[in-house]
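A.B. asks: The structure's right below; bear with me while I get my questions together.
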Amino acid sequence: MQLTKFSDYGFRVLIYIALLPANRLANIDEISEAYGISRNVVNKVVHQLARGGIIQTKRGQRGGFKLLKQPETINVGDIVVLLEPTLNIIDCTSPHCNIVPACRLKHIFNDASEAFVRELKNYYLSDVIKNKNVELRTILEIE
Numbered sequence: 001m002q003l004t005k006f007s008d009y010g011f012r013v014l015i016y017i018a019l020l021p022a023n024r025l026a027n028i029d030e031i032s033e034a035y036g037i038s039r040n041v042v043n044k045v046v047h048q049l050a051r052g053g054i055i056q057t058k059r060g061q062r063g064g065f066k067l068l069k070q071p072e073t074i075n076v077g078d079i080v081v082l083l084e085p086t087l088n089i090i091d092c093t094s095p096h097c098n099i100v101p102a103c104r105l106k107h108i109f110n111d112a113s114e115a116f117v118r119e120l121k122n123y124y125l126s127d128v129i130k131n132k133n134v135e136l137r138t139i140l141e142i143e
């Protein structure tokens, strides 16, 4: 199963924010520059994470965004479910497939997708950044 770039970018944004000092807000420009992602895409990701209650945004000259919860409580599986438009491995809604009424493949792939999300729910954002804080901060040029 392959996640979309949107989820990839969502995790990058979360990693960046989690590595910042607690009193510092992140902003679109610095994340865009750190990862080489367009401002527009970062903005869309931030909007979705805010709508999902993962980050808090503040508008204005001194605005930015920060995590609403500690990394230890931000579940990787929940983030994937939030950011992925669908977790279907195969699209059985296609009108071109005439065996859909009798095919069990869809159910097998749905079970696999559910198992994938269940496994991801064993991990948290803190697991992603654990023991790599210094290295990640250096790579991302976070001071």
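Per my numbering, the very first residue in the sequence shown carries number 1; after that it's consecutive.
Every residue, glycine too, gets a C-beta built ideally from N, C-alpha and C.
1) Which one of Lys44, Asn27, Ile54 has the shortest CA to CA distance from tyrosine 147?
2) Determine the closest residue to aspartate 78 out of Ser126, Val117, Asn23, with distance taken between C-alpha atoms.
3) Taking only the alpha-carbon atoms, compute the straight-line gap between isoleucine 28 and isoleucine 89 and give it to the nearest angstrom.
4) Name the residue from Leu67, Ser126, Arg51, Phe11 whose alpha carbon lies nearest to the alpha carbon of isoleucine 37.
5) Please determine if the region 126-138 and the region 68-84 are in contact, where contact requires at least 3 C-beta pairs separated by less than 8 Å.
6) Exposed or buried, what is alanine 26 when buried is set at 16 or more other beta-carbons lying within 10 Å of its beta-carbon?
7) Got a sec? Which residues, its chain only, sit under 7 Å from glutamate 84 by beta carbon, not counting five neighbours each side?
8) Here's the rule: buried if 16 or more other CB atoms are within 10 angstroms of the residue's CB, otherwise exposed. What is tyrosine 76?
9) According to the neighbour-count rule (16 or more other Cβ atoms, all chains shown, within 10 Å of its Cβ), is valine 42 buried or exposed?
10) Quick one, which of Asn110, Gly64, Ser113 has its alpha-carbon nearest isoleucine 17's?
11) Let's test the definition: count the other Cβ atoms within 10 Å of the Cβ of isoleucine 139 and tell me whether it reaches 16, buried, or not, exposed.
12) Have a look at threonine 57 and valine 134 and give me their C-alpha separation to the nearest angstrom.
13) Locate the alpha helix (DSSP H) running through leucine 87, then write down its first and last residues.
14) Tell me which residue opens and which closes the alpha helix (DSSP H) that glutamine 48 is part of.
15) Thinking just about the alpha-carbon of each residue, which of Leu67, Asn98, Arg62 is nearest to the one in leucine 20?
C.D. replies: Quick answer:
1) Since the first residue of the chain shown is 1 and the last is 143, residue 147 is not available in this structure.
2) Checked all of Ser126, Val117, Asn23; the closest Cα to aspartate 78 is Val117.
3) 32 Å
4) The shortest C-alpha separation from isoleucine 37 is found at Phe11.
5) yes
6) buried
7) Leu3, Thr4, Ser7
8) For the record, residue 76 in the displayed sequence is valine; it is not tyrosine. Buried, because 16 or more other Cβ atoms sit within 10 Å of the Cβ of valine 76.
9) buried
10) Gly64
11) exposed
12) 26 Å
13) Looking at the DSSP string, leucine 87 is not in any alpha helix (DSSP H), and its letter there is neither H nor E.
14) 39-51
15) Leu67
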